[in-house]
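Just so you know, UniProt numbering puts 207 at position 207 of the sequence shown, and the rest follows in order with no gaps.
First comes the structure, then the notes that go with it.
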Amino acid sequence: MFFNKLLLGLTSFRSPLLQGIVPCVAAAFGCQIAAGIPSILFGTERFFDFSGSVTFLAVGALSLYLPALRSRAAAAVNGVAPDKLPALPSLTQMISSVGRLGAEQGAGARDWRQVAATALVLIWATRLGSYLLSRITDHGTDSRFDKIRHRPARFSFTFFMQALWVSFQMMPVLALNAVPSATLAASKVSPTTAIGLGLWGAGFIFEVGADMQKSRWLREKRDKVHDQEFLTGGFFNLCRYPNYFGEITMWTGLATTAAGILAQRPVQFALGLSGGVPGIALTSAISFLSPAFISFLLLKVSGIPLSEPKYDKKFGHRKDYQEWRNNTPRLIPKFW
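Structure (structure tokens):
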């Protein structure tokens with residue numbers, strides 16, 4: 001009963017946007033608190049990245065199932081017997097119920113675009129989480145945490161930032177999933193949906209391809225198949241940080257898809273917005289907060305600023321490294 005009332009309390013906003021966003025952000029911070037406490041107590045970062053991926057999975061699933069969970073919680077609070085509570089629908093049931101009318105539609109109905117956007121995040125999070133867990137299992141530690149793993153205040157801040165990262169990255173999906181499915185079912189499929197999904201696919205290829213290439217290169221170096229000191233071929237011949245380019249492109253794709261859908265007048269009205277320029281500007285800002293934030297992190301905080309000085313210090317005296325660094329774009333691939 002406590003959790004049912006908590007869920008209803010977290011969704012008791014007049015704004016459908018806040019109804020969909022607030023409980024998911026709360027879940028992100030809850031997951032990171034649960035992961036952070038034992039990690040800080042034992043001074044280990046082994047599950048830090050993995051916990052981030054699990055948080056993406058949890059928040060994505062919650063966002064998709066939130067209408068059904070809210071309906072179930074309301075029924076429980078109103079005294080409906082446990083065996084009479086509305087069942088949680090499967091993904092197939094969610095999509096197939098969208099075209100029905102009135103009470104037949106069901107509280108858990110979802111438009112295919114909502115399911116697709118959420119599924120893409122879950123695919124990305126599962127792939128990245130397994131890759132990062134495998135990497136730290138092989139290496140044992142992560143050098144990013146060498147100076148903070150035994151400093152509880154600074155270490156705890158990384159979990160706070162990870163919760164914030166998940167929340168900001170998920171904004172296009174959270175906003176999209178806040179739209180009543182019946183409204184989306186009646187809306188048109190805009191060109192931005194296809195453009196956004198295409199961008200996501202291209203970004204996924206870059207990120208996965210670069211990670212696989214680097215893993216294979218490290219494994220072959222360890223097995224003495226080659227004696228190269230740094231990786232310059234394949235994706236890394238197109239730009240120096242192809243995995244970062246891929247990640248930014250993926251989130252830009254999801255933001256493009258969400259922003260195009262959220263800009264439609266019926267969707268704006270369903271979210272309690274005016275449907276004019278201010279409403280479209282708001283939903284576009286919410287959507288593109290995701291790629292803007294990940295770009296800021298990777299370009300200014302924890303990505304390139306940590307990696308590049310380390311490589312420059314280690315290989316900066318070598319002419320082959322200087323040639324690769326000077327002739328290869330940092331982030332935007334060179335295809336010619």
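For glycine and all other residues, C-beta sits at the position ideal for the given N, C-alpha and C.
If you're wondering where the values come from, they're calculated on a predicted model, not measured in any experiment.
- Task: Using the Cα positions of Asp138 and Ser90, report the straight-line distance between them to the nearest angstrom.
- Result: Translated into positions along the sequence shown, residue 138 becomes position 138. Translated into positions along the sequence shown, residue 90 becomes position 90. Those two C-alpha atoms are separated by around 37 Å.
- Any non-hydrogen atom of the ligand ATP within 7 Å of Gly272 CB: As far as ligands go, the structure on display features none, and thus does not contain the ligand ATP.
- Task: Label Pro172 either buried or exposed according to how many other C-beta atoms from any shown protein chain fall within 10 Å of its C-beta, with 16 as the threshold for buried.
- Result: On the sequence shown, residue 172 is found 172 positions in, with the first residue counted as 1. Counting Cβ neighbours within 10 Å, Pro172 comes out buried, since at least 16 surround it.
- Message: For Met212, count the other beta carbons within 10 Å of its own beta carbon; 16 or more makes it buried, fewer makes it exposed. Which is it?
- Response: Position 212 of the sequence shown, counted from the first residue, corresponds to residue 212. Its Cβ having fewer than 16 others within 10 Å, Met212 is exposed.
- Item | Exposure label - Gln264; buried when at least 16 CB within 10 Å | Locating residue 264 in the sequence shown gives position 264, where the first residue counts as 1. Gln264 should be labelled buried.
- Item | Status (buried if at least 16 other CB within 10 Å, exposed otherwise) for Glu207 | Position 207 of the sequence shown, counted from the first residue, corresponds to residue 207. By the 10 Å Cβ count, Glu207 comes out buried.
- What do you reckon, are the CB atoms on Cys31 and Thr55 nearer than 8 Å? Numbered from its first residue, the sequence shown carries residue 31 at position 31. Numbered from its first residue, the sequence shown carries residue 55 at position 55. Yes, the Cβ-Cβ distance between Cys31 and Thr55 is below 8 Å.
- Item | Stretch pair the stretch 154-170 + the stretch 238-250: three plus CB contacts closer than 8 Å | no
- Could you check what DSSP says for Thr44 in three-state terms: helix, strand or coil? Against the sequence shown, residue 44 aligns to sequence position 44. Looking at Thr44 - three-state DSSP - the assignment turns out to be coil, as it is neither helix nor strand.
- Message: Taking the beta carbon of Phe3 as the centre, do at least 16 other beta carbons fall within 10 Å, making it buried, or is it exposed?
- Response: Start at 1 with the first residue of the sequence shown, and residue 3 comes out as number 3. Its Cβ having fewer than 16 others within 10 Å, Phe3 is exposed.
- Task: With a threshold of 16 other CB atoms inside 10 Å of the CB of Trp251, please say whether the residue is buried or exposed.
- Result: The residue you call residue 251 lines up with position 251 of the sequence shown. Buried: at least 16 other Cβ atoms inside 10 Å.
- Item | Close beta carbons around Leu273, own chain, < 6 Å, minus the five adjacent residues each side | For this step, residue 273 is matched to residue 273 along the sequence shown. Closer than 6 Å at Cβ, skipping near neighbours: Gly279.
- CA-to-CA distance, Gly129 to Thr232, given in whole angstroms: Taking the sequence shown and counting its residues from 1, the one referred to as residue 232 is at position 232. Taking the sequence shown and counting its residues from 1, the one referred to as residue 129 is at position 129. If I take the Cα positions, the gap works out to 25 Å.
- Message: Within the continuous alpha helix (DSSP H) that includes Ala117, where are the two ends?
- Response: Within the sequence shown, the letter at position 117 stands for residue 117. Taken as a continuous stretch (DSSP letters only), the alpha helix (DSSP H) holding Ala117 covers 112-139.
- Query: Helix, strand or coil: which one does DSSP assign to Leu101?
  - Reply: Taking the first residue of the sequence shown as position 1, residue 101 is located at position 101. The predicted model places Leu101 with a pLDDT of 42, which falls under 50 and marks its position as unreliable, so this point remains unresolved.
- Task: If I'm right that Tyr65 touches Leu85 with Cβ under 8 Å, what's the distance once you round it to whole angstroms?
- Result: In the sequence shown, counting from the first residue as 1, residue 65 sits at position 65. In the sequence shown, counting from the first residue as 1, residue 85 sits at position 85. Incorrect: roughly 14 Å between the Cβ atoms, too far for contact.
- Message: Between which residues of its own chain and Ile205 is the CB-CB distance below 8 Å, once the five residues before and five after are set aside?
- Response: The sequence position of residue 205 within the sequence shown is 205, counting from 1. Answer for Ile205: Gly246, listed in chain order.
- Task: Go ahead and pull the three-state DSSP assignment for Leu6.
- Result: Locating residue 6 in the sequence shown gives position 6, where the first residue counts as 1. Three-state DSSP puts Leu6 in a helix.
- Query: Do you know whose CA, among Ala259, Gly52, Val115, lies nearest Ser181's CA?
  - Reply: The residue labelled residue 181 in the question sits at position 181 within the sequence shown. Of Ala259, Gly52, Val115, the residue nearest in Cα terms is Val115.
- Message: Determine, for Ile332, whether the minimum Cβ-Cβ distance to residues of chain D falls below 8 Å.
- Response: The structure shown contains no chain D; it holds only a single protein chain.
- Message: Less than 6 Å between C-beta atoms, sequence neighbours within five positions excluded: which residues of the same chain meet that for Ala178?
- Response: As a first step, residue 178 must be located in the sequence shown, where it is residue number 178. Pro16, Leu17, Gly20, listed in sequence order.
- Task: Below 6 Å CB to CB, which residues in the same chain sit around Ser190 once its five sequence neighbours on both sides are set aside?
- Result: Walking along the sequence shown from the start, residue 190 turns up at place 190. Same-chain partners within the cutoff: Gly260.
- Query: So Glu207 is in the alpha helix (DSSP H); what residue range does that whole segment cover?
  - Reply: The residue given as residue 207 occupies position 207 in the sequence shown. That run of the alpha helix (DSSP H) goes 191-222.
- Task: Note down, in chain order, each residue of its chain lying with its Cβ closer than 8 Å to the Cβ of Ala76, except the 5 sequence neighbours on either side.
- Result: On the sequence shown, position 76 is the one that residue 76 refers to. Only Met1, Asn4, Pro82, Leu85 meet the Cβ criterion.
- Item | Leu57 - DSSP class collapsed to helix/strand/coil | By 1-based counting over the sequence shown, the position of residue 57 is 57. Of the three classes helix, strand and coil, the one that applies to Leu57 here is helix, per DSSP.
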